[in-house]
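The next block holds one structure in the form of C-alpha coordinates; read it before the comments.
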Amino acid sequence: MGLIADISAAALFLLSSDTRDWLRSHYLAITVIALLLIAAIIALLNLLLSHRDRIGELEVELRGLNSQLTAPTEHDIEMLKAVNSQISPQSGILLWIREGFLITRVPVNHFHALERAVQFFEREPRGFDDREVEAAYRRFLDAARTLVNKISDHMWIMDQNVNWFAIPQEWDRDQPERRDRATEEISTAHDSFMNSYDSFFLVVQRKRMKSTITATEI
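What the sequence shown shows, in the working numbering, is residues 58 to 275, in sequence order.
Below, the structure written as C-alpha coordinates:
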(Lines of atoms letter the chains of each structure in order from A; the text may use other names.)
(Lines give C-alpha, C1' and ligand atoms only; values in the text may rest on other atoms or scores of the structure.)
Protein backbone atom coordinates (compact mmCIF):
# COMPACT_ATOMS: atom_id res chain seq x y z
CA MET A 58 0.00 0.00 0.00
CA GLY A 59 2.87 2.38 0.78
CA LEU A 60 4.34 1.94 -2.71
CA ILE A 61 1.00 2.68 -4.36
CA ALA A 62 0.63 5.78 -2.25
CA ASP A 63 4.11 6.99 -3.22
CA ILE A 64 3.39 6.43 -6.91
CA SER A 65 0.08 8.26 -6.63
CA ALA A 66 1.73 11.20 -4.90
CA ALA A 67 4.44 11.41 -7.57
CA ALA A 68 1.83 11.29 -10.36
CA LEU A 69 -0.20 14.06 -8.75
CA PHE A 70 2.95 16.16 -8.37
CA LEU A 71 3.90 15.75 -12.03
CA LEU A 72 0.35 16.49 -13.18
CA SER A 73 -0.08 19.56 -11.01
CA SER A 74 -0.31 22.95 -12.71
CA ASP A 75 2.72 24.28 -10.84
CA THR A 76 4.87 21.40 -12.07
CA ARG A 77 3.67 21.83 -15.65
CA ASP A 78 4.37 25.55 -15.51
CA TRP A 79 7.87 24.94 -14.15
CA LEU A 80 8.62 22.36 -16.88
CA ARG A 81 7.45 24.79 -19.58
CA SER A 82 9.58 27.61 -18.22
CA HIS A 83 12.68 25.39 -17.95
CA TYR A 84 12.15 23.34 -21.08
CA LEU A 85 15.44 24.33 -22.76
CA ALA A 86 17.57 23.59 -19.70
CA ILE A 87 15.85 20.24 -19.15
CA THR A 88 16.37 19.33 -22.81
CA VAL A 89 20.08 20.20 -22.65
CA ILE A 90 20.52 18.21 -19.44
CA ALA A 91 18.70 15.21 -20.96
CA LEU A 92 20.86 15.35 -24.08
CA LEU A 93 24.00 15.58 -21.94
CA LEU A 94 22.87 12.57 -19.93
CA ILE A 95 22.18 10.59 -23.11
CA ALA A 96 25.59 11.56 -24.49
CA ALA A 97 27.25 10.53 -21.22
CA ILE A 98 25.47 7.17 -21.28
CA ILE A 99 26.51 6.58 -24.91
CA ALA A 100 30.11 7.52 -24.05
CA LEU A 101 30.10 5.11 -21.10
CA LEU A 102 28.71 2.33 -23.29
CA ASN A 103 31.40 2.94 -25.91
CA LEU A 104 34.04 2.94 -23.18
CA LEU A 105 32.75 -0.35 -21.80
CA LEU A 106 32.74 -1.89 -25.27
CA SER A 107 36.28 -0.72 -25.94
CA HIS A 108 37.40 -2.13 -22.58
CA ARG A 109 35.71 -5.43 -23.39
CA ASP A 110 37.53 -5.57 -26.73
CA ARG A 111 40.82 -4.77 -25.00
CA ILE A 112 40.18 -7.45 -22.39
CA GLY A 113 39.62 -9.93 -25.22
CA GLU A 114 42.90 -8.88 -26.83
CA LEU A 115 44.72 -9.23 -23.50
CA GLU A 116 43.27 -12.71 -23.01
CA VAL A 117 44.61 -13.72 -26.43
CA GLU A 118 48.02 -12.24 -25.58
CA LEU A 119 48.01 -14.03 -22.21
CA ARG A 120 47.24 -17.37 -23.86
CA GLY A 121 50.10 -16.75 -26.25
CA LEU A 122 52.48 -15.95 -23.39
CA ASN A 123 51.38 -19.04 -21.47
CA SER A 124 52.00 -21.11 -24.57
CA GLN A 125 55.49 -19.65 -24.89
CA LEU A 126 56.21 -20.27 -21.21
CA THR A 127 55.14 -23.92 -21.41
CA ALA A 128 56.93 -24.57 -24.70
CA PRO A 129 60.28 -26.36 -24.26
CA THR A 130 63.44 -24.33 -24.72
CA GLU A 131 65.88 -25.11 -27.52
CA HIS A 132 68.26 -26.51 -24.91
CA ASP A 133 65.60 -28.89 -23.56
CA ILE A 134 64.80 -30.07 -27.08
CA GLU A 135 68.48 -30.82 -27.66
CA MET A 136 68.76 -32.54 -24.27
CA LEU A 137 65.85 -34.84 -25.02
CA LYS A 138 67.34 -35.64 -28.42
CA ALA A 139 70.56 -36.59 -26.61
CA VAL A 140 68.67 -38.88 -24.23
CA ASN A 141 66.91 -40.51 -27.15
CA SER A 142 70.19 -40.97 -28.98
CA GLN A 143 71.61 -42.90 -26.03
CA ILE A 144 68.67 -44.71 -24.43
CA SER A 145 65.49 -44.34 -26.46
CA PRO A 146 62.48 -46.54 -25.60
CA GLN A 147 63.29 -48.67 -28.67
CA SER A 148 67.05 -48.88 -28.10
CA GLY A 149 68.82 -52.17 -27.59
CA ILE A 150 69.93 -51.15 -24.10
CA LEU A 151 66.42 -50.35 -22.97
CA LEU A 152 64.89 -53.47 -24.52
CA TRP A 153 67.51 -55.58 -22.75
CA ILE A 154 66.93 -53.89 -19.38
CA ARG A 155 63.14 -54.04 -19.75
CA GLU A 156 62.71 -57.52 -21.22
CA GLY A 157 65.93 -59.53 -20.95
CA PHE A 158 67.62 -58.42 -17.74
CA LEU A 159 68.96 -61.14 -15.40
CA ILE A 160 69.95 -60.35 -11.83
CA THR A 161 72.77 -62.93 -11.85
CA ARG A 162 74.57 -62.05 -15.09
CA VAL A 163 74.60 -59.38 -17.81
CA PRO A 164 76.12 -59.22 -21.31
CA VAL A 165 79.40 -57.29 -21.29
CA ASN A 166 78.48 -55.28 -24.38
CA HIS A 167 75.12 -54.17 -22.94
CA PHE A 168 76.71 -53.21 -19.63
CA HIS A 169 79.38 -51.10 -21.29
CA ALA A 170 76.75 -49.44 -23.51
CA LEU A 171 74.75 -48.51 -20.40
CA GLU A 172 77.88 -47.28 -18.65
CA ARG A 173 78.85 -45.10 -21.63
CA ALA A 174 75.35 -43.62 -21.75
CA VAL A 175 75.46 -42.73 -18.05
CA GLN A 176 78.90 -41.16 -18.45
CA PHE A 177 77.63 -39.22 -21.47
CA PHE A 178 74.76 -37.74 -19.43
CA GLU A 179 76.99 -36.98 -16.45
CA ARG A 180 79.24 -34.85 -18.65
CA GLU A 181 76.32 -32.45 -19.22
CA PRO A 182 75.90 -30.79 -15.80
CA ARG A 183 73.25 -28.28 -16.86
CA GLY A 184 70.41 -30.73 -17.40
CA PHE A 185 66.95 -29.53 -18.44
CA ASP A 186 65.63 -25.98 -18.07
CA ASP A 187 62.14 -27.19 -17.15
CA ARG A 188 62.23 -27.88 -13.41
CA GLU A 189 59.76 -30.78 -13.46
CA VAL A 190 61.51 -32.50 -16.36
CA GLU A 191 64.88 -31.85 -14.71
CA ALA A 192 63.77 -33.46 -11.43
CA ALA A 193 62.53 -36.57 -13.26
CA TYR A 194 65.71 -36.67 -15.34
CA ARG A 195 67.94 -36.50 -12.25
CA ARG A 196 66.04 -39.36 -10.62
CA PHE A 197 66.50 -41.40 -13.77
CA LEU A 198 70.20 -40.56 -14.04
CA ASP A 199 70.80 -41.39 -10.37
CA ALA A 200 69.02 -44.72 -10.81
CA ALA A 201 71.06 -45.50 -13.93
CA ARG A 202 74.31 -44.74 -12.11
CA THR A 203 73.21 -46.92 -9.18
CA LEU A 204 72.44 -49.83 -11.51
CA VAL A 205 75.88 -49.53 -13.14
CA ASN A 206 77.54 -49.39 -9.72
CA LYS A 207 75.65 -52.39 -8.35
CA ILE A 208 76.55 -54.51 -11.36
CA SER A 209 80.18 -53.45 -10.98
CA ASP A 210 80.11 -54.22 -7.25
CA HIS A 211 78.72 -57.73 -7.51
CA MET A 212 79.61 -59.06 -10.98
CA TRP A 213 82.76 -59.62 -12.97
CA ILE A 214 83.92 -61.53 -16.02
CA MET A 215 84.15 -65.26 -15.47
CA ASP A 216 87.07 -67.17 -16.95
CA GLN A 217 84.85 -69.53 -18.88
CA ASN A 218 82.88 -66.80 -20.68
CA VAL A 219 84.38 -63.37 -21.37
CA ASN A 220 81.14 -62.10 -22.90
CA TRP A 221 79.27 -61.99 -19.60
CA PHE A 222 79.56 -60.34 -16.22
CA ALA A 223 78.17 -62.66 -13.55
CA ILE A 224 77.82 -63.14 -9.82
CA PRO A 225 80.45 -65.79 -8.95
CA GLN A 226 78.87 -69.23 -8.82
CA GLU A 227 80.97 -70.21 -5.82
CA TRP A 228 79.00 -67.70 -3.76
CA ASP A 229 76.07 -70.11 -3.97
CA ARG A 230 78.10 -72.54 -1.91
CA ASP A 231 80.62 -70.48 0.03
CA GLN A 232 78.90 -67.09 0.55
CA PRO A 233 75.12 -67.46 0.19
CA GLU A 234 74.45 -64.30 2.22
CA ARG A 235 76.68 -62.26 -0.08
CA ARG A 236 74.95 -63.77 -3.10
CA ASP A 237 71.52 -62.93 -1.69
CA ARG A 238 72.57 -59.36 -0.92
CA ALA A 239 73.99 -58.99 -4.42
CA THR A 240 70.85 -60.25 -6.17
CA GLU A 241 68.62 -58.10 -3.95
CA GLU A 242 70.62 -54.91 -4.57
CA ILE A 243 70.84 -55.52 -8.32
CA SER A 244 67.12 -56.31 -8.52
CA THR A 245 66.22 -53.17 -6.56
CA ALA A 246 68.51 -51.04 -8.73
CA HIS A 247 66.98 -52.51 -11.88
CA ASP A 248 63.41 -51.80 -10.74
CA SER A 249 64.35 -48.27 -9.69
CA PHE A 250 65.94 -47.66 -13.09
CA MET A 251 62.83 -48.79 -14.97
CA ASN A 252 60.45 -46.82 -12.73
CA SER A 253 62.48 -43.62 -13.02
CA TYR A 254 62.93 -44.06 -16.78
CA ASP A 255 59.19 -44.52 -17.33
CA SER A 256 58.39 -41.59 -15.03
CA PHE A 257 60.80 -39.35 -16.92
CA PHE A 258 59.18 -40.09 -20.27
CA LEU A 259 55.70 -39.67 -18.82
CA VAL A 260 56.68 -36.15 -17.74
CA VAL A 261 58.17 -35.51 -21.19
CA GLN A 262 54.96 -36.65 -22.89
CA ARG A 263 52.80 -34.55 -20.56
CA LYS A 264 54.93 -31.53 -21.43
CA ARG A 265 54.46 -32.40 -25.14
CA MET A 266 58.19 -32.23 -25.67
CA LYS A 267 58.28 -35.29 -27.91
CA SER A 268 55.68 -33.81 -30.28
CA THR A 269 57.70 -30.58 -30.41
CA ILE A 270 60.83 -32.52 -31.35
CA THR A 271 58.97 -34.41 -34.07
CA ALA A 272 57.62 -31.16 -35.52
CA THR A 273 61.10 -29.62 -35.43
CA GLU A 274 62.64 -32.57 -37.24
CA ILE A 275 59.96 -32.45 -39.94
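Heads up, the beta-carbon is just placed ideally off N, CA and C, and yes, glycines get one too.
In this text the structure is predicted, and so the values were computed from the model without any measurement.
Please classify proline 182 as buried or exposed, where buried requires at least 16 neighbouring CB atoms within 10 angstroms. exposed
Thinking just about the alpha-carbon of each residue, which of Ile208, Phe185 and Glu227 is nearest to the one in valine 165? Ile208
Determine the DSSP secondary structure at phenylalanine 185, reduced to helix, strand or coil. coil
Who are the near neighbours of threonine 161 in its chain, counting only those whose CB is closer than 7 Å to its CB and skipping five residues on each side? So the qualifying residues of the chain are Ala223, Ile224 and Thr240.
Whose C-alpha, out of Asp199, Leu102, Glu189 and Val175, is nearest the C-alpha of alanine 246? Asp199
Near threonine 23, which residues of its chain fall below 6 Å by C-beta distance, leaving aside the five closest residues on each side in sequence? Only positions 58 to 275 of the chain appear in the structure, and residue 23 is not among them; the question remains open.
CA-to-CA distance, alanine 170 to arginine 230, given in whole angstroms: Here the C-alpha atom of arginine 230 lies approximately 32 Å from the C-alpha atom of alanine 170.
Cβ atoms of alanine 201 and phenylalanine 250: under 8 Å apart, would you say? yes
Neighbourhood of glutamate 242 by C-beta, 8 Å cutoff - its chain only, sequence neighbours within 5 removed: Lys207, Asp210 and His211
Where are the beta strand (DSSP E) runs, 3 residues long or more, that stay fully inside the region 83-109, in chain order? none
Counting only the same chain and skipping the five closest in sequence on each side, list residues whose C-beta sits under 8 Å from that of isoleucine 205. Strictly speaking, residue 205 in this sequence is valine, with isoleucine absent from that position. Within the same chain, valine 205 has close Cβ partners Phe168, Leu171, Glu172 and Val175.
Please report the distance separating the alpha-carbon of glutamine 262 from that of leucine 106. 41 Å
Under DSSP, the alpha helix (DSSP H) around tryptophan 228 begins and ends at which residues? 227-231
With DSSP collapsed to three states, give me the class of alanine 201. helix
When the Cα atoms are used, what is the spatial distance from asparagine 252 to valine 219? When rounded, the distance between both Cα atoms is 30 Å.
Burial state of leucine 92, where buried means 16 or more other Cβ atoms lie within 10 Å: exposed
According to the neighbour-count rule (16 or more other Cβ atoms, all chains shown, within 10 Å of its Cβ), is arginine 137 buried or exposed? It is leucine, not arginine, that sits at residue 137 in the sequence shown. The residue in question, leucine 137, is buried, as its Cβ has 16 or more Cβ neighbours within 10 Å.
Taking all protein chains shown into account, do 16 or more other C-beta atoms lie within 10 angstroms of the C-beta of glutamate 131, making it buried, or fewer, making it exposed? With fewer than 16 other beta carbons inside 10 angstroms of its own, glutamate 131 counts as exposed.
Please state whether the Cβ-Cβ distance between serine 145 and leucine 151 is less than 8 Å. yes
Taking the C-alpha atoms as reference points, what is the distance between arginine 196 and isoleucine 214? 29 Å
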